[in-house]
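Student: There's a structure below that I have some questions on.
2 protein chains.
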Amino acid sequence: MQAVVSISDAESRVLEVLWREGPSTSERVIAALAQEDWEVSTIKTLLARLVKKRAIRPRKEGRRFVYSAALAREQWITTESEGLLGRLFGGRVAPLVQHFSQHRKLSKADVAELKRLIEELDDGE
Amino acid sequence: MQAVVSISDAESRVLEVLWREGPSTSERVIAALAQEDWEVSTIKTLLARLVKKRAIRPRKEGRRFVYSAALAREQWITTESEGLLGRLFGGRVAPLVQHFSQHRKLSKADVAELKRLIEELDDGE
DNA sequence: CTTTGATGTCTACAGGTGTAGTCTTACGAT
DNA sequence: ATCGTAAGACTACACCTGTAGACATCAAAG
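Set out below in structure tokens:
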């Protein structure tokens with residue numbers, strides 16, 4: 022649970038697989054990462070590093086391991102995005118939204134969804 | 022202008038100074054970074070690395086340099102936040118806002134500001 | 001002119017990261 | 001019983017990063 026250590030970009034790619042597919046053998050992870058075009062060896066290294074960082078947990082299953090995420094995706098996302106918000110936007114969400122809007126990165130659908138979200142929050146509160 | 026290279030965390034701290042204070046000598050930068058508690062040498066290294074990465078431009082001014090940001094803050098922010106959005110939230114802003122709201126990271130003031138922002142967008146569009 | 005202090009350059013070094021090869025071992029197929 | 005193969009362990013290696021010391025130089029002070 023303690024996400025003290027930081028997860029690198031490549032490592033997070035591996036974690037994403039476990040979050041998506043649940044506990045998996047390295048074989049499964051490797052298959053799921055075919056798109057990344059990594060050597061098998063690379064993925065095994067990443068798995069080993071994640072184990073060492075305690076971000077995933079290996080469970081012996083016969084001759085091989087089944088790896089499961091020990092770090093919750095939600096928690097990781099929180100850490101990452103709060104980091105960015107803090108560094109770039111004074112820790113607040115509004116300036117980020119504003120930034121995106123100023124750069125025309127918000128589609129109509131985005132705006133609609135945001136509107137719905139905010140209204141919900143506003144009532145709910 | 023070409024932000025091809027990535028700016029590290031410590032480097033961005035230096036860049037922030039130039040963005041805030043405008044073109045400055047190393048002396049000025051060092052003074053502005055007193056809070057960071059870095060050795061003078063460290064800051065000089067960071068300046069040198071930024072020059073090499075072409076993120077800042079040194080202009081000879083007598084015996085010393087005046088450094089100015091060659092990379093626009095807006096651009097950097099865009100790169101960074103789009104990177105995060107892409108990696109964590111499928112590239113869309115709404116899921117990020119939702120994430121923050123679900124984790125009670127939005128104050129009343131935030132919600133109000135967001136609401137104002139969105140309404141503006143909605144009309145404006 | 002000499003000393004001193006600031007300025008930029010070079011060098012350093014450990015730890016993280018991307019990327020991957022090699023080695024050992026044991027299971028499954030023959 | 002044998003052998004190839006796959007899984008995990010170990011090793012590698014270049015580059016980035018954080019952090020900083022050492023050195024050369026030149027202008028200012030005395």
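Protein chains in written order, with the numbering used here: chain U, 22 to 146; chain V, 22 to 146. Backbone N, C-alpha and C fix where the C-beta goes; we use that ideal spot for every residue, glycine too.
Any beta carbon of chain V sitting closer than 8 Å to that of Asp-131 (chain U)?
Tutor: Translated into the one-based positions of the first sequence, residue 131 (chain U) becomes position 110. By this cut-off, Asp-131 (chain U) is an interface position.
Student: List the residues of chain U that Arg-113 (chain V) touches, going by C-beta distances under 7 Å, in chain order.
Tutor: Your numbering for residue 113 (chain V) matches position 92 in the second sequence. Those within 7 Å of Arg-113 (chain V) in chain U are Asp-131.
Student: Using the Cα positions of Gln-56 (chain V) and Pro-116 (chain V), report the straight-line distance between them to the nearest angstrom.
Tutor: Counting from one through the second sequence, the residue named residue 56 (chain V) turns up at place 35. Counting from one through the second sequence, the residue named residue 116 (chain V) turns up at place 95. Looking at the two C-alpha atoms, the distance is approximately 35 Å.
Student: Quick one: what's Ser-89 (chain U) bridged to in DSSP?
Tutor: Position 68 of the first sequence holds residue 89 (chain U). Note: Ser-89 (chain U) sits in a beta bridge opposite U:Arg-78.
Student: Could you tell me the distance, in whole angstroms, from the CA atom of Ser-62 (chain U) to the CA atom of Asp-144 (chain V)?
Tutor: Position 41 of the first sequence holds residue 62 (chain U). Position 123 of the second sequence holds residue 144 (chain V). Distance between the alpha carbons of Ser-62 (chain U) and Asp-144 (chain V) is about 54 Å.
Student: Can you grab the Cα-Cα spacing for the pair Ala-130 (chain U) / Val-118 (chain V), in whole Å?
Tutor: Here residue 130 (chain U) is taken as the residue at index 109 of the first sequence, counted from 1. Here residue 118 (chain V) is taken as the residue at index 97 of the second sequence, counted from 1. Going from the Cα of Ala-130 (chain U) to the Cα of Val-118 (chain V) covers about 14 Å.
Student: Quick test of the definition: if touching needs 3 or more C-beta pairs under 8 Å, does the segment 39-50 of chain V touch the segment 103-110 of chain V?
Tutor: no
Student: How about Met-22 (chain V): is its C-beta nearer than 8 Å to some C-beta of chain U?
Tutor: For the purposes of this step, residue 22 (chain V) is taken as residue 1 along the second sequence, with counting starting at 1. Reliability of the predicted coordinates at Met-22 (chain V) is poor, the pLDDT of 49 falling under 50, and the value obtained from them is presented with this limitation in mind. It does not; no Cβ of chain U falls within 8 Å.
Student: Should the segment 28-35 of chain U be regarded as contacting the segment 68-81 of chain U, the criterion being three or more beta carbon pairs within less than 8 Å?
Tutor: yes
Student: Excluding sequence positions up to five away, which residues of its chain have a Cβ less than 7 Å from the Cβ of Phe-121 (chain V)?
Tutor: In the second sequence, the residue the question calls residue 121 (chain V) occupies position 100. So the list reads Leu-127, once near-sequence residues are dropped.
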